[in-house]
Amino acid sequence: MVNALPHADARSTRPAFRLRSRQRRALITGGAGFVGSHLAESLLELGYAVTALDNLTTGRRENVEHLLGEPSFELEIGDVVDSRLTSALVSRADVVFHLAAAVGVKLILSDPIGSLRTNVLGTESVLRAAHDCRVKVLVASTSEVYGKAVRLPQREDDDLRLGATSLHRWSYAAGKMLDEFLGLAYARLGLPVVCFRLFNTVGPRQTGAYGMVVPRFVDAALCGEPIYVYGDGSQSRCFLHVLDAVKAIVQLERSESAPGNVFNIGSTESVTILDLARRVVAAVGASNGGCPSQIALLPYADAYPEGGFEDIRRRLPDISKIRLLTDWRPRLALDDILRDVIMARAEALGLTEVTGEEIREWNARPAALPAVGAIPAGL
Ligand code: UDP
9 MVNALPHADA RSTRPAFRLR SRQRRALITG GAGFVGSHLA ESLLELGYAV
59 TALDNLTTGR RENVEHLLGE PSFELEIGDV VDSRLTSALV SRADVVFHLA
109 AAVGVKLILS DPIGSLRTNV LGTESVLRAA HDCRVKVLVA STSEVYGKAV
159 RLPQREDDDL RLGATSLHRW SYAAGKMLDE FLGLAYARLG LPVVCFRLFN
209 TVGPRQTGAY GMVVPRFVDA ALCGEPIYVY GDGSQSRCFL HVLDAVKAIV
259 QLERSESAPG NVFNIGSTES VTILDLARRV VAAVGASNGG CPSQIALLPY
309 ADAYPEGGFE DIRRRLPDIS KIRLLTDWRP RLALDDILRD VIMARAEALG
359 LTEVTGEEIR EWNARPAALP AVGAIPAGL
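One rule links them: number in the working numbering = place in the sequence shown (from 1) + 8.
Next up, the structure:
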């Protein structure tokens, strides 16, 4: 579909990016990660050959174990910052999905230098190789770049407002902003580059180890442990199912008008974090013997004793730009997301008695929601 979006200022006289009649090969950096592994599955289904590059820090072999027998799939263990390896892999690809990144607030705060190296130098390495080989690139960015911007819903051309450099949380957003600048600068040279900002994306295979709230709440609820809501719980987010995110990425890749642009990809179903906790407890309560977890409010200073944290009050994407171009919109609601995450986490934790039917039944009942608990002593 052709639309009114502006193309990047293509100044290069070199030939357009490659299109070959044989099976198209996609390189997914971060291909064993949470989003990358779902994207790999989707591209294989669409007939692509897929190379997944991953250093297995936050990505996991188990995420793609089931694909390893596929003749069209290969997993390359390596670092996206290694420019020789990146160049070799990019030169064999028809399109690159650059998803490799250090993500998760807890990881960014615990390894700020390593995170910045991966998130900035890795992207530079991919874009330089893609430019040399004339290969289209889709660069994953994040809603974090909006920072503390107060205007809602958030639009791609809004001003971006980050916090002080002494608060390391913002290093992730700053790194991703640089990635977008780099991508758009290469687009001006004629390289087809599409940047997309993923808003809170959730689904099976995401772990709570690096701070992501939904799997953390689900794990706590499944284990009957307290759920810690940071601050007063009135901060809000919109959670997108990873399968919807992957559909959006694939549609952007197929759009001839997308290069040279930045797109929001997110859900517009807003929920406060306190309500999220209540919904998780209600959904899991059906399956863990009716002994729901307590919800406790935890001050930020206790949640992040190392400091460097500042929360974002509200996040809500304007998705009209991607809708105009591709007609994409999220199909799965928060209840679908919670059902899928609960099933996946229950399986990962060895709690196989949880069934989708039980969760659906519980969701259909009038909610008997647990009260907010006190902060446990010692925290
Ligand atoms: N959060 C929480 N408890 C947790 C983890 C996160 O209350 O165990 C809150 C966090 O402070 C934020 C929201 O949940 O307000 C979303 O956090 P996440 O790290 O998943 O995403 P982001 O902050 O990047 O939107």
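C-beta atoms are modelled at their ideal positions from N, C-alpha and C, and glycine is treated no differently.
Inset, instruction - Go to Arg392, then tell me how far its beta strand (DSSP E) extends in each direction, as first and last residue. - result: Only positions 9 to 387 of the chain appear in this structure, which leaves residue 392 out of reach.
Legend entry - Simplified DSSP state of Val210, which is helix, strand or coil: Within the sequence shown, numbered from 1, the residue matching residue 210 stands at position 202. Strand.
Legend entry - Three-state secondary structure (DSSP) of Pro120: Position 112 of the sequence shown, counting from 1, holds the residue named residue 120. DSSP places Pro120 in helix when its eight states are reduced to three.
Inset, instruction - Within the same chain, show all residues whose beta-carbon is closer than 6 Å to that of Asn71, passing over the 5 residues directly before and after it, in chain order. - result: Residue numbering aside, residue 71 sits at position 63 when the sequence shown is read from its first letter. For Asn71, where only same-chain residues beyond five positions count, the Cβ hits under 6 Å are Ala40, Ser45 and Arg213.
Inset, instruction - Using only alpha-carbon positions, find the residue among Leu251, Leu342, Ala354 and Asp310 that is nearest to Gly293. - result: Along the sequence shown, read from residue 1 onward, the residue named residue 293 stands at position 285. For the residues Leu251, Leu342, Ala354 and Asp310, the minimum Cα distance to Gly293 belongs to Ala354.
Legend entry - Collapsed DSSP secondary structure at Glu78 in the structure displayed: Your numbering for residue 78 matches position 70 in the sequence shown. If DSSP states are grouped into helix, strand and coil, Glu78 belongs with coil.
Inset, instruction - Using alpha carbons as the reference points, say which of Arg125, His139, Ala195 and Leu175 lies closest to Lys184. - result: As a first step, residue 184 must be located in the sequence shown, where it is residue number 176. The shortest C-alpha separation from Lys184 is found at Arg125.
Inset, instruction - Kindly confirm or deny that the segment 127-145 and the segment 167-175 touch, where touching means at least three C-beta pairs closer than 8 Å. - result: When C-beta atoms of the segment 127-145 are compared with those of the segment 167-175, fewer than three pairs fall below 8 Å, so the two segments do not count as touching.
Legend entry - Whole-number beta carbon distance between Leu186 and Val128, since they are thought to touch under 8 Å: If you number the sequence shown from 1, residue 128 lands on position 120. If you number the sequence shown from 1, residue 186 lands on position 178. Indeed, because the Cβ distance is near 5 Å, the residues count as touching under 8 Å.
Legend entry - Any 3 or more C-beta pairs closer than 8 Å across the segment 253-272 and the segment 332-341: Touching, per the Cβ criterion.
Legend entry - The alpha helix (DSSP H) enclosing Tyr308, as first and last residue numbers: Here residue 308 corresponds to residue number 300 of the sequence shown, with the count starting at 1. Its alpha helix (DSSP H) spans residues Tyr308 to Ala311.
Inset, instruction - Kindly indicate which residue of Leu47, Gly67 and Arg32 has the alpha-carbon position closest to the one of Val98. - result: As a position in the sequence shown, residue 98 is number 90, starting the count at 1. Ranked by Cα distance from Val98, the options Leu47, Gly67 and Arg32 are led by Arg32.
Inset, instruction - Can you have a look at Pro223 and say buried or exposed, based on whether 16 or more other CB atoms are within 10 angstroms of its CB? - result: Looking up residue 223 in the sequence shown gives position 215. Burial is judged here by how many other beta carbons sit within 10 angstroms of a residue's own beta carbon; Pro223 has at least 16 and is buried.
Inset, instruction - Compare the Cα-Cα distances from Gly38 to each of Phe207, Leu192 and Ala148 and report the closest residue. - result: The count along the sequence shown starts at 1 and reaches residue 38 at position 30. Nearest option by C-alpha distance: Ala148.
Inset, instruction - Go ahead and label Gly55 buried or exposed: buried means 16 or more other beta carbons lie within 10 angstroms of its beta carbon, across all protein chains shown. - result: Counted from its first residue, the sequence shown places residue 55 at position 47. The residue is exposed, with fewer than 16 neighbouring Cβ atoms inside 10 Å.
Inset, instruction - Using beta-carbon positions only, say whether Leu306 and Tyr218 come within less than 7 Å of one another. - result: Taking the sequence shown and counting its residues from 1, the one referred to as residue 306 is at position 298. Taking the sequence shown and counting its residues from 1, the one referred to as residue 218 is at position 210. In this structure, Tyr218 does not lie closer than 7 Å to Leu306 by Cβ.
Legend entry - Close beta carbons around Leu64, own chain, < 7 Å, minus the five adjacent residues each side: As a working note, residue 64 is residue 56 in the sequence shown. So the list reads Ala40 and Ile85, once near-sequence residues are dropped.
Legend entry - Distance between Leu206 and Ala228 (C-alpha atoms, nearest Å): By 1-based counting over the sequence shown, the position of residue 228 is 220. By 1-based counting over the sequence shown, the position of residue 206 is 198. Approximately 25 Å between the Cα atoms of the pair.
Legend entry - Proximity test, Asp326 beta-carbon vs ligand 1 heavy atom, cut-off 6 Å: Within the sequence shown, numbered from 1, the residue matching residue 326 stands at position 318. Every heavy atom of ligand 1 is 6 Å or more from the Cβ of Asp326, so no.
Legend entry - Within 7 Å, strictly: CB atoms of Thr280 and Cys246: For this step, residue 280 is matched to residue 272 along the sequence shown. For this step, residue 246 is matched to residue 238 along the sequence shown. No; because the gap between Cβ atoms is not below 7 Å, this pair is not in contact.
Inset, instruction - Hey, could you find the ends of the alpha helix (DSSP H) Leu332 is sitting in? - result: By 1-based counting over the sequence shown, the position of residue 332 is 324. Here the alpha helix (DSSP H) through Leu332 covers Ser328 to Thr334.
Legend entry - Span of the alpha helix (DSSP H) around Phe42: For this step, residue 42 is matched to residue 34 along the sequence shown. Phe42 -> alpha helix (DSSP H) spans Phe42 to Glu53.
Inset, instruction - Use the C-beta contact count for Ser179: other C-beta atoms within 10 angstroms, 16 or more gives buried, fewer gives exposed. - result: Mapped onto the sequence shown, residue 179 falls at position 171. Its Cβ being crowded by 16 or more others within 10 Å, Ser179 is buried.
Legend entry - Rounded Cβ spacing between Val349 and Val210 (contact assumed at less than 8 Å): Looking up residue 349 in the sequence shown gives position 341. Looking up residue 210 in the sequence shown gives position 202. The pair is a contact, with the Cβ atoms about 6 Å apart (cut-off 8 Å).
Legend entry - Contact with chain B by Leu260, beta-carbon distance below 7 Å: As a matter of chain content, chain B is missing from the structure shown, which is built from one protein chain.
Inset, instruction - Return the CA-CA distance between Ala382 and Pro234, expressed in angstroms with no decimal places. - result: Within the sequence shown, numbered from 1, the residue matching residue 382 stands at position 374. Within the sequence shown, numbered from 1, the residue matching residue 234 stands at position 226. A caution first: Ala382 carries a pLDDT of 45, below 50, which makes its placement in the model unreliable, though a value can still be read off. So the alpha carbons of these two residues sit roughly 10 Å apart.
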